[in-house]
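Structure, as structure tokens:
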Amino acid sequence: MKVTIEKNEDGESYFLIPDEIQKELQWEESDVIQWIDNDDGSWTLRKLSPLEALKEKSLSDQEVKIEYEKIRHNINRLVNAGFDEKQATAIVFVMKEMKEAYQSK
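Structure below.
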């Protein structure tokens, strides 16, 4: 798919993804998208999982790094207990959401 790259008032580049493609990709505004340079003038865009997005953010933010390391530790514990990586990640994020919901009451 070819798109037109536009610039906002701050000079940042962006492009609009048609709604039907956005729905097909299951992308939402808050998703973190990784840009991969194909070295041929084209780019591949890939939606990062919540864990991948947290890992990326942890590279520049010490508090996020601590949170990422806690989550990664809990995932590893579940993997060692016999869950696969995807199951373990889902369990850890559901538990994190439940804890946050409980604490906000």
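Counting in our numbering, the sequence shown runs from 461 upward without gaps. The C-beta atom is built at its ideal place from N, Cα and C for all residues, glycine as well. From a predicted model like this one, the values you see are computed outputs, not experimental measurements.
Limits of the unbroken alpha helix (DSSP H) element including residue 551: Counting along the chain, the alpha helix (DSSP H) containing residue 551 begins and ends at 545-563.
Using beta-carbon positions only, say whether residue 524 and residue 517 come within less than 7 Å of one another. yes
Quick one, which of 489, 506, 486 and 490 has its alpha-carbon nearest residue 497's? 506
When you compare only the Cα positions, how much space is there between residue 461 and residue 483? Whole-angstrom Cα-Cα distance: 15 Å.
Is DSSP giving residue 481 helix, strand or coil here? helix
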